[in-house]
Amino acid sequence: MRPDLIATLEAISAQKTTPLAEWEKSQTLAQSSACDKVFLTLETNPIPPLLQEPSVVNAPLKGLAFSVKDLFDVAGSPTLAGSKVLHGTTIAQVDCPVVARMNHAGGAFLGRTNMVEFAFSGIGNNPHYGTPAAWDAITDTAVQSNGQG
């Protein structure tokens, strides 16, 4: 099991790890079978520019990766709300307030996560993109953010 957010931030502050090393761990996990059907899109930039700045270790989130459900606008990408109906629609021009605040706090955007279509269901599945895998074999993904953690 990975350390929690606070322990990871403390490890970066104590120089036991680096923001880049943590980014690489997050990318590896996001691409693993543990995250099967969790991510709809992943950041294609292998190293976000933020992580190349030495001052990132002074930011509140210290360059740690974050993801958002496909319901939140991220500048430069379409917001599809877990639906295929919205494919080909407009690209978000600006980040929604949550994403803007995460970026401002030194977070590194990792990707968009799967969700029930239009956030309109209590059972946690998506007919277009599948039901995300749970973090472990005994956890049920229903009604818990679809297993996104």
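Just so you know, we're using the numbering used here here: the sequence shown kicks off at 5 and counts up by one.
All C-beta atoms in this analysis are idealised placements derived from N, C-alpha and C, irrespective of residue type, glycine included.
Just so it is clear, the structure is predicted and the values come from calculations on it, not from any experiment.
For P50, the closest alpha carbon among the candidates L24, V103 and G110 is that of L24. Just measuring C-alpha positions, the residue of V89, V120, R116 and F76 sitting nearest P101 is F76.
Three or more beta-carbon pairs separated by less than 8 Å link the stretch 103-113 to the stretch 58-71, which places the two stretches in contact. DSSP places T32 in the uninterrupted alpha helix (DSSP H) bounded by P23 to A34. Here G115 is bridged, per DSSP, to L46 and S71. Distances from the alpha-carbon of Q31 to those of P53, S71 and A15 put S71 closest.
Per DSSP, the unbroken alpha helix (DSSP H) holding P101 starts and ends at P101 to H108. With a threshold of 16 other beta carbon atoms within 10 Å, R105 falls short and is exposed. In terms of Cα proximity to L90, the closest of G80, Q97 and D74 is D74. In this structure, T48 lies away from E26, with their beta-carbon atoms at least 9 Å apart. By a beta-carbon distance limit of 8 Å, A69 does not contact L9. Their separation comes to about 11 Å. Judged by their CB atoms, Q35 and L46 are nearer to each other than the 9 Å cut-off. When beta bridges are read from the DSSP output, P82 appears opposite I95. The residue from L84, G92, V42 and V78 with its alpha-carbon nearest to that of F122 is L84. Counted as a single uninterrupted DSSP element, the alpha helix (DSSP H) harbouring S17 occupies residues L9 to S17.
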